[in-house]
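Participant: Residue numbers (the numbering used here): 1 to 479. Let me begin by handing over the structure; questions about it come next.
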Amino acid sequence: MQTVDIRSLLKDHSLFKEEAFINGNWIQSKNTFLVNNPATDEMIANVANLGTQDAELAITAAEKALPAWRSKLAKERAQIMRKWFDLILENTQDLAKLMTLEQGKPLAEAAGEVVYGTSFVEWFAEEAKRVEGSILGITWSDKRLMVVKQPIDVCVTITPWNFPIAMITRKIAPALTAGCTIVIQPAELTPLSALALAELAKRAGIPDGVINIVTADANQSIAIGKTLCASPTVRHLSFTGSTEVGRILMEQCTPTVKKLALELGGHAPFIVFEDADIDAAVSGAMESKFRNSGQTCVCANRFYVHKKVQDVFVEKFAKALSVIKVGDGIQTGITQGPLIETAALKKVKKHVADALGKGATLVSGGKRTVECKNFYEPTILANVNSEMLITYEETFGPGAPIIPVESDEEVIKLANNSQFGLASYFLSRDIGRVWKVAEALEYGMVGVNTGLISNEVAPFGGIKQAGLGRDGSVYGMDE
Ligand code: ADP
Numbered sequence: 001m002q003t004v005d006i007r008s009l010l011k012d013h014s015l016f017k018e019e020a021f022i023n024g025n026w027i028q029s030k031n032t033f034l035v036n037n038p039a040t041d042e043m044i045a046n047v048a049n050l051g052t053q054d055a056e057l058a059i060t061a062a063e064k065a066l067p068a069w070r071s072k073l074a075k076e077r078a079q080i081m082r083k084w085f086d087l088i089l090e091n092t093q094d095l096a097k098l099m100t101l102e103q104g105k106p107l108a109e110a111a112g113e114v115v116y117g118t119s120f121v122e123w124f125a126e127e128a129k130r131v132e133g134s135i136l137g138i139t140w141s142d143k144r145l146m147v148v149k150q151p152i153d154v155c156v157t158i159t160p161w162n163f164p165i166a167m168i169t170r171k172i173a174p175a176l177t178a179g180c181t182i183v184i185q186p187a188e189l190t191p192l193s194a195l196a197l198a199e200l201a202k203r204a205g206i207p208d209g210v211i212n213i214v215t216a217d218a219n220q221s222i223a224i225g226k227t228l229c230a231s232p233t234v235r236h237l238s239f240t241g242s243t244e245v246g247r248i249l250m251e252q253c254t255p256t257v258k259k260l261a262l263e264l265g266g267h268a269p270f271i272v273f274e275d276a277d278i279d280a281a282v283s284g285a286m287e288s289k290f291r292n293s294g295q296t297c298v299c300a301n302r303f304y305v306h307k308k309v310q311d312v313f314v315e316k317f318a319k320a321l322s323v324i325k326v327g328d329g330i331q332t333g334i335t336q337g338p339l340i341e342t343a344a345l346k347k348v349k350k351h352v353a354d355a356l357g358k359g360a361t362l363v364s365g366g367k368r369t370v371e372c373k374n375f376y377e378p379t380i381l382a383n384v385n386s387e388m389l390i391t392y393e394e395t396f397g398p399g400a401p402i403i404p405v406e407s408d409e410e411v412i413k414l415a416n417n418s419q420f421g422l423a424s425y426f427l428s429r430d431i432g433r434v435w436k437v438a439e440a441l442e443y444g445m446v447g448v449n450t451g452l453i454s455n456e457v458a459p460f461g462g463i464k465q466a467g468l469g470r471d472g473s474v475y476g477m478d479e
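This is the structure we're talking about:
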């Protein structure tokens, strides 16, 4: 059924895997599911579609591997993780190709994700050696209390398709270095990157059973998700995805009282105050809005721009879009790939049509590009207001709605009017305003004078219905 020979595109053919990975073995299944290239609509792989019994086997493998892995010295685990980091980087180009083919993001952006994704492996490998407890001595003169940090044991992670490598490494690197073992359920749309990571983990010497990957299509993922949540052996579940699915998983984890890390929906405001550096605002807007075709949970969703600078911001922003080249990301020079699937494109179309129907002005883009059904032009809409869907539903696509504003109080109120407290951004050169607004925004992350906020050192996560817990950073290790 496979119509593109992916192996021929890779330097290292064995990074292309269609089997699942349990207890260090590549597991075939009589049931399989197809993986599609969103840029060409070609089938690129036929991957093992596991069932709940396989998920049980993966949990058992993780449980069996636990004693030996957690009893290693942190330094020994760190050395193995470091080897994995080196191998991932050595294979950046092959990993980027696999990612572009299954996810659609342009090759250079995919290579950037590999580097970003490995930064978590390197950082947590270093951090493993610095996990410290404490001695407390305030209650009795002849006794001391000792706090020792221990691995939480078997962990599960369910990851989305928008960052097929980084969402996995960001979650599993701290767990592995702490001495936990893992079952990963990667997104059904992008299993190939995850499987290539497992192949490299095996080569790095990560012992059998420490990392297990259960691949499954959308229906089986739901069934497997139930098994993973219900298992008393699994102590922690980390999920990135929609708030709806996060709620389901949370409920399913209640009977076993699992510790949870949930990174859910976002609807980021991006505020341009009248004293902002407009060029910096435009480059921040480009980074934040159009990366990954607008398919990130921290993408700017609503641009609140002060009326005094609205015209100049919109003019420069529209001009900046001319550098974006939409197309199949495997080709040279492409800077924006397709949307992941037709349903995603339909949502963008719906949001744009709704805004235009309610009086917004089309500044740029506003339609599909002709090459393939999943491509949509980078789009700017002006004169948007809070009645329009695009200002409160997550678009997950390349649409930038501009909402004119005047006072700080008004914009803070509008910006905070969302259940999704994940990322927010604003630009200002007034130090008093910077402190005031940064503290007033009800978001887990606030980017000031930048459109990029995520790296391995900074805690990543939201408040309100955007989730629980933090990925990355020292806080990610505790998580
Ligand atoms: P997205 O819109 O990014 O696909 P979802 O929250 O729908 O976000 O899904 C994120 C990931 O979670 C997907 O890869 C999917 O396979 C998985 N998933 C969806 N629903 C469930 C479920 N009920 N149980 C377990 N996994 C699920």
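By construction, the Cβ of each residue, glycine as well, lies at the ideal position given by its N, Cα and C atoms. Given the structure is predicted, the values throughout are model-derived calculations rather than measurements.
(1) So what does DSSP say about K259, is it helix, strand or coil?
(2) Report the option in D311, N301, I278, D277 whose CA atom is closest to the CA atom of S288.
(3) Would you please state the rounded distance, in angstroms, between the beta carbons of T215 and P186? I believe it to be under 8 Å.
(4) Quick one: is the Cβ of L192 within less than 7 Å of any heavy atom of the ligand ADP?
(5) Please list, in chain order, all residues of the same chain as D480 whose beta carbon is under 8 Å from its beta carbon, the five residues on each side excluded.
(6) Can you tell which of G397, P255, K436, S322 has its C-alpha closest to the C-alpha of D408?
(7) For C155, list the residues DSSP reports as bridge partners.
(8) Please classify M388: does DSSP put it in a helix, a strand, or coil?
(9) Y475 by DSSP, collapsed to three states: which one?
(10) Determine the contact status of G476 and G462, defining contact as a CB-CB distance below 8 Å.
(11) List the whole-angstrom C-beta distance separating A194 from L468, where the pair is believed to meet the contact cut-off of C-beta under 8 Å.
(12) Is the separation between the beta-carbon of I380 and that of S364 shorter than 8 Å?
(13) Following a CB-centred definition, is I431 positioned closer than 7 Å to any heavy atom of the ligand ADP?
(14) When you compare each of V4, D54, G179, K105 to I334 by their alpha carbons, which one comes out closest?
(15) Residue range of the beta strand (DSSP E) that A382 falls in?
(16) At which residue ranges does the segment 291-363 contain complete beta strand (DSSP E) runs of 3 or more residues, listed in the order of the chain?
(17) Mark N455 as exposed unless 16 or more other C-beta atoms lie within 10 angstroms of its C-beta, in which case mark it buried.
(18) Compare the Cα-Cα distances from V210 to each of T450, T254, A61, G432 and report the closest residue.
(19) Which same chain residues end up closer than 8 Å to D279 when comparing Cβ atoms and leaving out the 5 residues on each side of it in sequence?
(20) Considering only the beta carbon of each residue, do Q295 and F396 sit closer than 8 Å?
(21) Would the C-beta of P207 count as close to the ligand PLP, meaning under 7 Å from any of its heavy atoms?
(22) For the beta strand (DSSP E) containing V272, name the first residue and the last one.
(23) For A48, report the span of its beta strand (DSSP E) as first-last.
(24) Can you grab the Cα-Cα spacing for the pair A204 / Q79, in whole Å?
(25) Restricting to Cα atoms, I'd like to know which of K75, A196, S283, N212 is closest to L452.
(26) Comparing the CB of V147 with every heavy atom of the ligand ADP, is any distance shorter than 7 Å?
(27) Please state whether DSSP places K30 in a helix, a strand or coil.
(28) So the candidates are G266, K350, T369; which of them puts its Cα closest to the Cα of K325?
Facilitator: Let me spell this out:
(1) Position 259 of the sequence shown holds residue 259. DSSP places K259 in strand when its eight states are reduced to three.
(2) Taking the sequence shown and counting its residues from 1, one reaches residue 288 at position 288. Looking at the Cα atoms, N301 is the closest of the given residues.
(3) In the sequence shown, the residue the question calls residue 215 occupies position 215. In the sequence shown, the residue the question calls residue 186 occupies position 186. Their Cβ separation, rounded to whole angstroms, is 7 Å, which keeps T215 and P186 in contact under 8 Å.
(4) Indexing the sequence shown from 1 puts residue 192 at position 192. Checking the Cβ of L192 against the ligand ADP gives no.
(5) Here the chain comprises residues numbered 1 to 479, so residue 480 is not present and cannot be evaluated.
(6) Translated into positions along the sequence shown, residue 408 becomes position 408. The residue with the shortest Cα to Cα distance from D408 is K436.
(7) Walking along the sequence shown from the start, residue 155 turns up at place 155. The partner list for C155 (beta bridge, DSSP) reads I182, H236.
(8) Here residue 388 corresponds to residue number 388 of the sequence shown, with the count starting at 1. Correct three-state label for M388: coil.
(9) Indexing the sequence shown from 1 puts residue 475 at position 475. In this structure, Y475 counts as helix in the three-state DSSP scheme.
(10) The residue given as residue 476 occupies position 476 in the sequence shown. The residue given as residue 462 occupies position 462 in the sequence shown. Result no, Cβ atoms of G476 and G462 do not sit closer than 8 Å.
(11) Position 194 of the sequence shown, counted from the first residue, corresponds to residue 194. Position 468 of the sequence shown, counted from the first residue, corresponds to residue 468. Actually they do not touch by this definition, with Cβ atoms about 23 Å apart.
(12) Walking along the sequence shown from the start, residue 380 turns up at place 380. Walking along the sequence shown from the start, residue 364 turns up at place 364. Yes, these two residues count as a Cβ contact at 8 Å.
(13) Here the question's residue 431 lines up with position 431 in the sequence shown. Every heavy atom of the ligand ADP is 7 Å or more from the Cβ of I431, so no.
(14) What you label residue 334 is simply residue 334 of the sequence shown in a count that begins at 1. Comparing Cα-Cα distances from I334 to each of V4, D54, G179, K105, the minimum goes to K105.
(15) Taking the sequence shown and counting its residues from 1, the one referred to as residue 382 is at position 382. Element bounds for A382: 379-382.
(16) 300-306
(17) By one-based count along the sequence shown, residue 455 stands at place 455. Classification for N455: exposed.
(18) By 1-based counting over the sequence shown, the position of residue 210 is 210. Per the Cα distances, A61.
(19) As a working note, residue 279 is residue 279 in the sequence shown. Here the set comprises K316.
(20) Stepping through the sequence shown from its first residue, residue 295 is reached at position 295. Stepping through the sequence shown from its first residue, residue 396 is reached at position 396. Contact flag set, yes.
(21) No copy of the ligand PLP appears in this structure; the ligands present are the ligand ADP.
(22) Residue numbering aside, residue 272 sits at position 272 when the sequence shown is read from its first letter. That run of the beta strand (DSSP E) goes 268-272.
(23) For the purposes of this step, residue 48 is identified with residue 48 of the sequence shown, where counting begins at 1. 43-48 is the extent of the beta strand (DSSP E) around A48.
(24) Within the sequence shown, numbered from 1, the residue matching residue 204 stands at position 204. Within the sequence shown, numbered from 1, the residue matching residue 79 stands at position 79. Each residue's alpha carbon lies about 9 Å from the other.
(25) Within the sequence shown, numbered from 1, the residue matching residue 452 stands at position 452. Residue S283 is the option with its Cα nearest to L452.
(26) Counting from 1 along the sequence shown, the entry for residue 147 is found at position 147. Checking the Cβ of V147 against the ligand ADP gives no.
(27) As a working note, residue 30 is residue 30 in the sequence shown. In this structure, K30 counts as coil in the three-state DSSP scheme.
(28) Within the sequence shown, the letter at position 325 stands for residue 325. The alpha carbon of K325 has as its nearest neighbour, out of G266, K350, T369, the alpha carbon of T369.
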